[in-house]
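> In the UniProt record's numbering, the protein residues as written are 1 to 114. Glycine included, C-beta positions come from ideal geometry on N, C-alpha and C. Computed from a prediction, not measured in an experiment: that's the story for all the values here. Following this message is one structure expressed as structure tokens.
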Amino acid sequence: LLDAVPNLQELKKIPGLDLHPLKGKRQGQHAIKVNDQFRVCFIWGKDNNVYEPIHPGEIIREEFMLPLHLTSEKLAQDIKLAPQEVEAVIQEKKDLNMDLICRLSAYFDLPVEF
């Protein structure tokens, strides 16, 4: 998400993040809320958005499927989609659509904004 926004003003528009500047020894840093217990602290530089955005398929594959030993066939079966559709996203050949976002959100018990 931090790589997807061009500046802090855009990040401030996302209310759930609770973006705020830090004070004291951490002056110059910002924090965003992860949940009630945790936050992510970071320094925003003028060239922060220098990386290519990560394809959602890579995140699904690397952060969810691999750790859970989940195949694209099993995921497709569980979310009631054709395996080819899931595989196309996982291989970064197709973008997510709202239907797939909602299915993945429910399957992984995450908010659709994630």
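Can you give the Cα-Cα distance for A88 and D78, rounded to whole angstroms?
One-based indexing of the sequence shown puts residue 88 at position 88. One-based indexing of the sequence shown puts residue 78 at position 78. Spanning the two alpha carbons is a distance of roughly 17 Å.
> Should P83 and E92 be called a contact, given that it needs their Cβ atoms to be closer than 8 Å?
Residue mapping note: residue 83 aligns to position 83 of the sequence shown, counting from 1. Residue mapping note: residue 92 aligns to position 92 of the sequence shown, counting from 1. No.
> Looking at C-alpha atoms only, which residue of Q29, L104, H69 and P67 is the closest neighbour of E85?
As a first step, residue 85 is located in the sequence shown; it is residue number 85 there, counting from the start. Ranking the options by Cα distance to E85, first place goes to L104.
> Which whole-angstrom value is the C-beta distance of G57 and I90, which I expect to be below 8 Å?
Taking the sequence shown and counting its residues from 1, the one referred to as residue 57 is at position 57. Taking the sequence shown and counting its residues from 1, the one referred to as residue 90 is at position 90. About 5 Å separates the two Cβ atoms, so the contact holds.
> Using DSSP with H/G/I as helix, E/B as strand and the rest coil, what is V86?
The count along the sequence shown starts at 1 and reaches residue 86 at position 86. Here V86 sits in helix by DSSP.
> Using CA atoms only, rank isn't needed, just tell me which of W44, N35 and Q37 is closest to Q9.
Sequence index remark: in the sequence shown, residue 9 carries index 9 (1-based). Per the Cα distances, W44.
> Which class does I79 belong to by DSSP, given the choice of helix, strand or coil?
As a first step, residue 79 must be located in the sequence shown, where it is residue number 79. In the structure shown, I79 sits in coil (DSSP, three-state: anything other than H, G, I, E or B).
> Per DSSP, which residues does P21 bridge with? Please list them.
In the sequence shown, counting from the first residue as 1, residue 21 sits at position 21. Paired residues: H30.
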